[in-house]
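Engineer: Residue numbers (our numbering), protein chains in the order written: chain V, 67 to 187; chain S, 67 to 187.
Glycine included, C-beta positions come from ideal geometry on N, C-alpha and C.
Input: one structure, supplied below.
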DNA sequence: TCGCTGGATAGACGGATGTCAAATTAGATG
DNA sequence: CATCTAATTTGACATCCGTCTATCCAGCGA
């Protein structure tokens, strides 16, 4: 839509091959680390959880803010981190801003932890 | 007191339910965050990658250290973080120490990012 | 026993990160 | 336009984290 800042593109690299696969390049590891860094905070995990599990797929910031004993700027900061990691995306509708998860991102992370068939012949 | 954590017991909580599932408790989110924090460093990701993909399932620290332009204490520190997160475990055999992944841990993380069947209204 | 080597620990230092208060932007409504 | 509310940005501050050097511990072999 309008001018949603592109921010950082963490979408291409190191998203598909499992950790048990071919060697991660330095750059791939760095990009991946950014995503996990975004997930490495309890508040952000709960935010992502709330957004991912809300009925309708969208959560209003106004609702998220009330769920924590933190100031609005702090919640806003965490949402920005999640957004920059490509895990969520936001949209303003009138007075309020709504966030939803980027399913593709989560699915790809899932594949990262896939293990090769244990016990080969 | 059956749930008394020894050092850092990150094994029980928040391991199975997907992020899109029921609300994460504060404690669950905190424990999960520890695991992701362990994964939020490029060096640790590459270490885990190397350990997970090495033939035989075990990697000698002596080999891991040589793969980075970092001092041995730094590598040792990163391995400790991964170990405390429950992602790897080490064993000393004679002069050398070998690390291997904890498959259960990785598999569970995979499930975290599973999404419910997309509901097209 | 001594000495050598692989690995872990301790302490220090600089840069990153989470939090808040204050200021700012964007829509809605008088 | 004036003003109110929702949300973000800015700047400051305390804490945390990655890295190093120096030191210590554990096996092995002469």
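Helix, strand or coil: how does DSSP classify residue 168 of chain V here?
Structural biologist: Taking the first chain and counting its residues from 1, one reaches residue 168 of chain V at position 102. Here residue 168 of chain V sits in coil by DSSP.
Engineer: How is residue 125 of chain V classed by DSSP in three states: helix, strand or coil?
Structural biologist: Counting from one through the first chain, the residue named residue 125 of chain V turns up at place 59. Residue 125 of chain V falls in the strand class under three-state DSSP.
Engineer: With a threshold of 7 angstroms between beta carbons, is residue 142 of chain S in contact with chain V?
Structural biologist: As a position in the second chain, residue 142 of chain S is number 76, starting the count at 1. No, residue 142 of chain S lies away from the interface with chain V (no Cβ there is under 7 angstroms from its Cβ).
Engineer: At a cut of 8 angstroms, does the segment 158-175 of chain V reach the segment 141-152 of chain S through at least three beta carbon pairs?
Structural biologist: These segments do not touch.
Engineer: Suppose contacts are defined by Cβ-Cβ distances below 7 angstroms. Is residue 106 of chain V in contact with residue 83 of chain S by that definition?
Structural biologist: Translated into positions along the first chain, residue 106 of chain V becomes position 40. Translated into positions along the second chain, residue 83 of chain S becomes position 17. Cβ atoms of residue 106 of chain V and residue 83 of chain S: not closer than 7 angstroms.
Engineer: Grab me the residues of residue 86 of chain S's own chain with a C-beta within less than 8 angstroms of its C-beta, minus the 5 sequence neighbours each way, in chain order.
Structural biologist: Within the second chain, numbered from 1, the residue matching residue 86 of chain S stands at position 20. So the list reads 180, 181, 182, once near-sequence residues are dropped.
Engineer: Distance check for residue 90 of chain V and residue 80 of chain V, CA to CA, integer angstroms please.
Structural biologist: Here residue 80 of chain V is taken as the residue at index 14 of the first chain, counted from 1. Here residue 90 of chain V is taken as the residue at index 24 of the first chain, counted from 1. Note that residue 80 of chain V has pLDDT 41, beneath the 50 cutoff, so the model's placement of it is unreliable and no number is given.
Engineer: Indicate the three-state DSSP secondary structure (helix, strand or coil) for residue 157 of chain S in the structure shown.
Structural biologist: Start at 1 with the first residue of the second chain, and residue 157 of chain S comes out as number 91. It is a strand residue.
Engineer: Mind checking residue 148 of chain V: buried by the 16 CB within 10 Å criterion, or exposed?
Structural biologist: Working through the first chain from its first residue, we reach residue 148 of chain V at position 82. Buried: at least 16 other Cβ atoms inside 10 Å.
Engineer: For residue 118 of chain V and residue 123 of chain S, I'd like the C-alpha separation in whole angstroms.
Structural biologist: Start at 1 with the first residue of the first chain, and residue 118 of chain V comes out as number 52. Start at 1 with the first residue of the second chain, and residue 123 of chain S comes out as number 57. Each residue's alpha carbon lies about 35 angstroms from the other.
Engineer: Starting from residue 92 of chain V, find everything on chain S with Cβ-Cβ shorter than 9 angstroms and list it in chain order.
Structural biologist: Numbered from its first residue, the first chain carries residue 92 of chain V at position 26. 108, 112, listed in chain order.
Engineer: Whose C-beta lies closer than 6 angstroms to the C-beta of residue 127 of chain V among residues of the same chain, with five residues either side of it excluded?
Structural biologist: The residue labelled residue 127 of chain V in the question sits at position 61 within the first chain. 163, listed in sequence order.
Engineer: The alpha helix (DSSP H) with residue 120 of chain V in it runs from where to where?
Structural biologist: Numbered from 1 along the first chain, position 54 holds the residue referred to as residue 120 of chain V. Run containing residue 120 of chain V: none; DSSP gives neither H nor E here.
Engineer: Ordered along the chain, which non-local residues of its own chain (more than five positions away) have a Cβ less than 6 angstroms from that of residue 138 of chain V?
Structural biologist: Walking along the first chain from the start, residue 138 of chain V turns up at place 72. So the list reads 131, once near-sequence residues are dropped.
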